[in-house]
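Student:
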Amino acid sequence: MKKVEAIIKPFKLEEVKDALGDIGIEGMTVSEVKGFGRQKGHTEIYRGSEYTVDFLPKIKIELVLPDSQVEAAVAAIIKTAKTGKIGDGKVFVSSVEEAIRIRTEEKGEAAV
Amino acid sequence: MKKTLFILSLLATLFCVGSAVRAADAPAPERTVQERLEDLEAYVNNGARNASTNAPTKIAGAGPGHNAWQMASAALVLFMTLPGLALFYGGLVRRKNVLSVLAQCLGIAGLVTILWWLCGYSLAFHNGGKFFGSLDWMFLRGVDSTPNTDYGAWVSHNVFSMYQLMFAIITPALIIGAIAERMKYSAVLLFIAGWMFVVYFPLAHMVWGVDGFMNGVWNKDAGIKAIDFAGGTVVHMSSGWSALILCLILGKRVGYGKEPMPPHNMVLCMVGTGMLWVGWYGFNAGSAVAADGVAANAFMTTTLATAVASFVWPMAEWVVRGKPSILGFCSGAVAGLVVITPACGFVNTNGAIIIGIAAGLIPWFACYKIKSWFGYDDALDTWGVHAVGGTLGAFLTGVLATPTVNANLDLNLKGVVGSSLWIEQIKAIGITLTLAVVGTAIVAYVVKAIIGLRVEEEVEVGGLDLSEHGEEGYHGA
Chain D
1 MKKVEAIIKP
11 FKLEEVKDAL
21 GDIGIEGMTV
31 SEVKGFGRQK
41 GHTEIYRGSE
51 YTVDFLPKIK
61 IELVLPDSQV
71 EAAVAAIIKT
81 AKTGKIGDGK
91 VFVSSVEEAI
101 RIRTEEKGEA
111 AV
Chain H
1 MKKTLFILSL
11 LATLFCVGSA
21 VRAADAPAPE
31 RTVQERLEDL
41 EAYVNNGARN
51 ASTNAPTKIA
61 GAGPGHNAWQ
71 MASAALVLFM
81 TLPGLALFYG
91 GLVRRKNVLS
101 VLAQCLGIAG
111 LVTILWWLCG
121 YSLAFHNGGK
131 FFGSLDWMFL
141 RGVDSTPNTD
151 YGAWVSHNVF
161 SMYQLMFAII
171 TPALIIGAIA
181 ERMKYSAVLL
191 FIAGWMFVVY
201 FPLAHMVWGV
211 DGFMNGVWNK
221 DAGIKAIDFA
231 GGTVVHMSSG
241 WSALILCLIL
251 GKRVGYGKEP
261 MPPHNMVLCM
271 VGTGMLWVGW
281 YGFNAGSAVA
291 ADGVAANAFM
301 TTTLATAVAS
311 FVWPMAEWVV
321 RGKPSILGFC
331 SGAVAGLVVI
341 TPACGFVNTN
351 GAIIIGIAAG
361 LIPWFACYKI
371 KSWFGYDDAL
381 DTWGVHAVGG
391 TLGAFLTGVL
401 ATPTVNANLD
411 LNLKGVVGSS
421 LWIEQIKAIG
431 ITLTLAVVGT
441 AIVAYVVKAI
451 IGLRVEEEVE
461 VGGLDLSEHG
471 EEGYHGA
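Just so you know, the protein sequences line up as chains D and H, in that order. Residue numbers are given in our numbering: position 6 of the first sequence equals residue 6, and the series is strictly consecutive. Residue numbers are given in our numbering: position 470 of the second sequence equals residue 470, and the series is strictly consecutive.
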């Protein structure tokens, strides 16, 4: 089992979600997050005052998948979330030791 | 005997003639139909009742149309503060301080009303002297529904008093924009109470009191023949310059210039701006104290100047900084309203457009550049908009006023309007500025000595809402 975490631009969420659905992924966790990387923040100006806002809004998608689906999922995310401009985000893949479905107490890949 | 009879008959004749005269006196004299028609015409034209006859007028009370407009105007001016200004300012502060601004506006409304009832109205509007009224209307004694013809032939005196009260409420409320987010609530109330007596009541009397020192339109003996239709000096200059002095004495907010202090809700700010604009029709057109042609002209000039300024300010931003901002539209609208205020009943459409353009550019420059050059922390730009705008308006009124839209300018100002009026306006500007600056400094230092002006640093960082009022503006996210 692997966990795939993708930080993407907010306006790409729908496209990414549909692409993941198309390759048979049935669940995901999405959160609105803030952060910065190479893109840095933006400036806001209110009358004479100028403020630099370091943290930009992004969307984080978390998927826990059987090993067999990981490659396709990462490819789908990269394909749909890419604009080619700075700030497109990142994908992280890590190992997951255990998963348990609370309702049935199934464990491992059966639970994800 | 003959002689006695003669004397008796003479006395009888005299008695008869006497009683005949008394009999003619006995029924109250009646106004003729002609005179009654003249009274009606006076009502329609907002003129004075016919005073050439001893017969009492049959319409001694208020004229319904004028009175209705004045009551509506008073409510509109209150609406400018509650909630217009409260939301305009409330949206511009950080979320931890939104309630403190609302509390200041509400507190001022109550406090100033009590002072007005106590003796404020009397000091400002009763005749008595050049600089102060008298105490004859203390507790609003005798201020009833009959018109006081010094101020409005057809508007109830109590309605006029309440209308002027709304001005007395919004003026100190404007000051709190400069001192937002750091002043102790008790200090705000104590400062305002003192400021009303030292600055507002005397200034209102000088400019609008029937025997006021700077009431050029109505007082033929005015020392300075200046004009101020709806409060450029009394309201905007006084609050704006006082705001600057108070924020200098108070000091900057903790972290000013180092940490971001953006508005927490531009939507509230825009909603408040819209309410200010709507309410300002009561402020400006209502200042005619009648639903007459002068009010109609003020309504139009207010619209033109405000719309132009609300457009010019963001366009200037667009040119200089690349984007037109919502705060730019809102600030431009308020600046336009401020600058047209002293002029609205005295200028024509061309004057209004010129004022609108000036209002969009000069206060914008004050907020955009001058503030950062000097580095004072006028949190919400009360000085940039109200002091600069009020001063600009008072001056431009002197240049652009014309008797063609307001015949009252011919009463005591013939030969002044259109020639030396701008000099009189500069004198009025000088007196207003001096009174605001000196008065504010005195009251502020007295309050500082008695209870202190600022909250503790810990309170300021945590926000005034929780510490000063025990409430939060927003729960949850």
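Built from N, CA and C at the ideal position, the CB exists for glycine as well. Note that the structure is a prediction, hence the values are computed from the model and not measured.
1) Do three or more CB pairs link the stretch 459-467 of chain H to the stretch 96-112 of chain H at distances below 8 Å?
2) For Val188/H, which option in Ala298/H, Phe299/H, Gln104/H and Ala366/H has the closest C-alpha, if you only look at C-alpha atoms?
3) Going by beta-carbon coordinates alone, are Ile355/H and Ala305/H separated by less than 8 Å?
4) For the stretch 309-336 of chain H, which residues have a CB atom closer than 9 Å to at least one CB atom of chain D, in sequence order?
5) Shortest alpha-carbon distance to Phe299/H belongs to which of Thr341/H, Val271/H, Thr397/H and Lys184/H?
6) Are the CB atoms of Phe125/H and Gln70/H within a distance shorter than 8 Å?
7) Check the Cβ of Tyr368/H against every Cβ in chain D and list those closer than 9 Å, keeping chain order.
8) From what residue to what residue does the alpha helix (DSSP H) around Ile354/H run?
9) Straight-line CA distance for Glu5/D to Ile77/D?
10) Considering only the alpha carbon of each residue, which of Asp88/D, Gly84/D and Glu14/D lies closest to Gly36/D?
11) Classify Cys16/H as buried or exposed, calling it buried when 16 or more other Cβ atoms lie within 10 Å of its own Cβ.
12) In terms of residues, what are the limits of the alpha helix (DSSP H) holding Glu71/D?
13) What are the start and end residues of the alpha helix (DSSP H) that includes Lys427/H?
14) So which of Gly255/H, Ala62/H, Leu203/H and Val405/H has the shortest CA-CA distance to His157/H?
15) What does the Cβ neighbour count give for Val438/H, buried or exposed, with the cut at 16 atoms within 10 Å?
16) Mark Gly282/H as exposed unless 16 or more other C-beta atoms lie within 10 angstroms of its C-beta, in which case mark it buried.
17) Can you check whether the C-beta of Asp377/H is within less than 8 Å of a C-beta belonging to chain D?
18) How would you call Thr29/D, buried or exposed, if buried means at least 16 neighbouring beta carbons within 10 angstroms?
19) Measure the Cβ-Cβ separation of Gly194/H and Val443/H and say whether it is below 8 Å.
20) Can you give me the C-alpha to C-alpha distance between Phe311/H and Gly255/H, rounded to a whole angstrom?
21) DSSP beta-bridge partners for Glu458/H?
22) Is the CB of Glu44/D under 8 Å away from at least one CB in chain H?
23) Between which residues of its own chain and Lys34/D is the CB-CB distance below 8 Å, once the five residues before and five after are set aside?
24) So Ser122/H and Asp136/H are supposed to be a Cβ contact under 8 Å. How far apart are they, rounded?
Tutor: Working from what's here:
1) Yes, the stretch 459-467 of chain H touches the stretch 96-112 of chain H.
2) Selected option, being the one with the closest Cα: Gln104/H.
3) In contact: Ile355/H and Ala305/H (Cβ atoms closer than 8 Å).
4) Those residues of the stretch 309-336 of chain H that come within reach of chain D (Cβ to Cβ, closer than 9 Å) are Glu317, Arg321, Lys323, Ser325, Leu327, Gly328 and Ser331.
5) Residue nearest to Phe299/H within the set Thr341/H, Val271/H, Thr397/H and Lys184/H is Thr341/H (criterion: CA-CA distance).
6) The answer is no: Cβ separation not under 8 Å.
7) Under the 9 Å cutoff, chain D gives Arg47 and Gly48.
8) First-last of the alpha helix (DSSP H) with Ile354/H: Thr349 to Phe365.
9) In this structure, the alpha-carbon of Glu5/D lies about 10 Å from that of Ile77/D.
10) The sequence given here places Phe at residue 36/D; Gly does not occur at that position. Its Cα nearest to that of Phe36/D, the residue Asp88/D stands out among Asp88/D, Gly84/D and Glu14/D.
11) Note that Cys16/H scores a pLDDT of 49, beneath 50, so its modelled location is shaky; the value from the coordinates is reported in the next line. It is exposed - the Cβ of Cys16/H has fewer than 16 other Cβ atoms within 10 Å.
12) Residue range Asp67 to Ala81 is occupied by the alpha helix (DSSP H) that includes Glu71/D.
13) In the DSSP annotation of this structure, the continuous segment of the alpha helix (DSSP H) that includes Lys427/H starts and ends at Leu421 to Ile450.
14) Cα-wise, what sits closest to His157/H is Ala62/H.
15) Exposed is the call here.
16) A residue is called buried once 16 or more other Cβ atoms fall within 10 Å of its Cβ, and Gly282/H is buried on that count.
17) Taking Cβ atoms only, chain D never reaches closer than 8 Å to Asp377/H, which makes this a no.
18) Under a 10 Å Cβ-count criterion, Thr29/D is classified as exposed, with fewer than 16 other Cβ atoms of the shown protein chains found around its own Cβ.
19) Yes, the pair counts as a contact, with Cβ atoms nearer than the cut-off.
20) Cα to Cα, Phe311/H sits roughly 33 Å from Gly255/H.
21) For Glu458/H, which the question treats as bridged, DSSP gives no partner whatsoever.
22) Yes - at least one Cβ of chain H is within 8 Å of the one on Glu44/D.
23) Contacts found: Phe55, Leu56, Pro57 and Lys58.
24) Distance from Ser122/H to Asp136/H at the Cβ level is roughly 6 Å; contact confirmed, criterion being Cβ atoms closer than 8 Å.
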